[in-house]
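One line per chain: the protein sequences are B and Y, in this order. Under the working numbering, the first residue of the first sequence carries the number 1434, and numbering increases by one thereafter. Under the working numbering, the first residue of the second sequence carries the number 1434, and numbering increases by one thereafter. For each residue, glycine too, the CB sits at the ideal point set by N, CA and C.
There are 2 protein chains.
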Amino acid sequence: MRKENEILNDYLRQKGLKQTSQRNVILETFLASGGHISADELQEMIRKKNPRIGFSTVYRSLRLFTECGIAREVNFGDGRARFERGFDKTQHGHLVCTSCGKTEEFTVAAIQKTIKHISEKYDYKPDGHRFEVYGICKKCR
Amino acid sequence: MRKENEILNDYLRQKGLKQTSQRNVILETFLASGGHISADELQEMIRKKNPRIGFSTVYRSLRLFTECGIAREVNFGDGRARFERGFDKTQHGHLVCTSCGKTEEFTVAAIQKTIKHISEKYDYKPDGHRFEVYGICKKCR
DNA sequence: CTGTGTGCAAAACCTTTGCACGAGC
DNA sequence: GCTCGTGCAAAGGTTTTGCACACAG
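In structure tokens:
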């Protein structure tokens, strides 16, 4: 499996952008996080390693990671963007508890088939998806 | 089919809330809109009928409609919430063009099966879903 | 009458942007 | 050196909230 930092560096080189220590720290921290992390949560984690990194840099890096496919934006309806590792090609969805906010990932082969079918029918070139199922988890009942 | 205003009025009565002319106008306008409408677009439509209705009332009403199941919040990644009729039990998804923003609805029976399967497996009581497929539409290629 | 709803403006919130300085190549 | 990146603060956009008054039940 190709490492994320290689993907990033190739992308930077190709676009004439530069490697910086900030980008390294942010990527590292993002990968170490469990996933489904918001910009401010990531910022909070980063603050511990390097308190001088600003919000803008975190946001800009997340956009960069999204552009090169390392990250993917997801949205759980809490009013802010969340990010997860995007290079993982497994088509998955999220099961979100509307009571306690707990989130689980699930994988279903059926999603891939559905996406293929739909995008052919409407003549779209598919480029990602989001599938979120909301419910109440066992504990919250 | 049970009318939305009946659903709303029952909900209001049950919660000890009140019927108001504003809520009527907002509901009417929301239903007349094509769907996938944002709060400010709805406000804009409402302004023509009754220019004195404020933003807060529109937001508060949309939350109310969402609570009683008349509306459903959807999110197309443009940074603001959009609302569609929620009592329509047809399980559908959205196909969003990431280039021009055009949105189409599609229906697939497979989604229902998938949701049922997943929520049983993880022991969640399902309560809604979002399924968005992103791509580039025919025109934008 | 009592408590809820409304409109306004201000606040809160997340995200983006302008700018001067700093750092990679 | 030239260009891109960064941090800060300020601006941008959407949504929520506090408050005094209005209105439904």
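Checklist line | Within chain B, partners of S1466(Y) - CB distance below 8 Å | finding: Translated into positions along the second sequence, residue 1466(Y) becomes position 33. The premise fails here: S1466(Y) is roughly 21 Å from chain B at the closest Cβ pair, so nothing lies under 8 Å.
Next item on the list: Taking C-beta pairs closer than 8 Å, name the residues in chain Y that V1541(B) reaches, listed in chain order.
Entry: The residue given as residue 1541(B) occupies position 108 in the first sequence. Correct list: T1547, H1550, I1551.
Next item on the list: Return the CA-CA distance between K1546(B) and Q1524(B), expressed in angstroms with no decimal places.
Entry: The residue you call residue 1546(B) lines up with position 113 of the first sequence. The residue you call residue 1524(B) lines up with position 91 of the first sequence. In a straight line, the C-alpha of K1546(B) is about 10 Å away from that of Q1524(B).
Note to self: Along the chain, where does the alpha helix (DSSP H) containing K1482(Y) start, and where does it finish?
What the structure shows: Locating residue 1482(Y) in the second sequence gives position 49, where the first residue counts as 1. Counting along the chain, the alpha helix (DSSP H) containing K1482(Y) begins and ends at 1472–1482.
Item checked: Local conformation of H1469(Y) per DSSP, three classes -> As a working mapping, residue 1469(Y) is identified with position 36 in the second sequence. It is coil, neither helix nor strand.
Note to self: Cutting at 7 Å between CB atoms, please list the residues of its own chain near L1445(Y), excluding the five before and the five after it.
What the structure shows: Reading the second sequence from its first residue, position 12 is the one you call residue 1445(Y). For L1445(Y), where only same-chain residues beyond five positions count, the Cβ hits under 7 Å are K1451, Q1452.
Notebook entry, point to check: So, using beta-carbon positions, are L1528(Y) and Y1557(B) closer together than 9 Å?
Noted result: On the second sequence, residue 1528(Y) is found 95 positions in, with the first residue counted as 1. On the first sequence, residue 1557(B) is found 124 positions in, with the first residue counted as 1. Yes, the pair counts as a contact, with Cβ atoms nearer than the cut-off.
Notebook entry, point to check: Do the region 1509–1516 of chain B and the region 1484–1495 of chain Y touch if we need at least three Cβ pairs shorter than 8 Å?
Noted result: no
Item checked: Whole-Å CB distance - K1436(B) paired with V1458(B), under 8 Å assumed -> The count along the first sequence starts at 1 and reaches residue 1436(B) at position 3. The count along the first sequence starts at 1 and reaches residue 1458(B) at position 25. K1436(B) to V1458(B), Cβ: 16 Å. No contact.
Note to self: So within the region 1485–1532 of chain Y, which uninterrupted beta strand (DSSP E) runs reach at least 3 residues, ignoring any that extend past its ends?
What the structure shows: 1504–1507, 1515–1518, 1525–1530
Next item on the list: For M1434(Y), decide whether its Cβ has a neighbour in chain B, counting only Cβ atoms nearer than 9 Å.
Entry: Within the second sequence, numbered from 1, the residue matching residue 1434(Y) stands at position 1. The predicted position of M1434(Y) is uncertain, since its pLDDT is 49 and thus under 50; a value taken from the coordinates is nonetheless stated next. So no, M1434(Y) is outside the interface.
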